[in-house]
Amino acid sequence: MSDYFIELTRANTRKAVERAREMRPRVRPVSVSDRVYDVSGSKGATYTVRLAAGQGRLLGSCECLGAQGGKVCYHLAAAAGVAIGIKAAARKAVAR
Ligand SMILES: [Zn+2]
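Here the sequence shown is numbered in numbering that gives the first Met the number 0, starting from 0 and rising by one per residue.
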């Protein structure tokens, strides 16, 4: 496990988002407040993804080899997609 965080930008996340759409990994929130998610991998593995947001930036870490090498993997993209969805839903709930 690593605390190596990668900044997710539009440019480096686009391919990972496409891959996430193909792979359709399961994303299970471990802690929504701490932004920790378990994401299923291609071979039945589960990877823990951690997200951190601040100052308009979104950072993420994943246990898989790709992310250890500094790449935005589809686990990160999938977890970020769910996290953004939860945030949007919470904002809607507050606005109501
Ligand atoms: Zn990963």
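We put the CB at the ideal spot given by N, CA and C, even for glycine.
Does the beta-carbon distance from residue i to residue j come in below 7 Å?
i: residue 48; j: residue 78; result: yes
i: residue 164; j: residue 93; result: As shown, the chain starts at 0 and ends at 95. That puts residue 164 outside it, with no answer to give.
i: residue 19; j: residue 88; result: no
i: residue 105; j: residue 38; result: Since the first residue shown for the chain is 0 and the last is 95, residue 105 is missing from the structure and cannot be characterised.
Taking the alpha-carbon positions, what's the residue i to residue j distance?
i: residue 57; j: residue 8; result: 8 Å
i: residue 53; j: residue 59; result: 12 Å
i: residue 70; j: residue 90; result: 30 Å
i: residue 68; j: residue 42; result: 19 Å
i: residue 61; j: residue 46; result: 7 Å
i: residue 11; j: residue 17; result: 11 Å
Along the chain, where does the alpha helix (DSSP H) containing residue i start, and where does it finish?
i: residue 35; result: Unbroken run through residue 35 is the beta strand (DSSP E), 35 to 39; no alpha helix (DSSP H).
i: residue 27; result: That residue, residue 27, is in no alpha helix (DSSP H); its beta strand (DSSP E) goes 26 to 30.
Bridge partners of residue i, per DSSP?
i: residue 45; result: 39
i: residue 62; result: DSSP output for residue 62 lists no bridge partner at all.
i: residue 83; result: For residue 83, which the question treats as bridged, DSSP gives no partner whatsoever.
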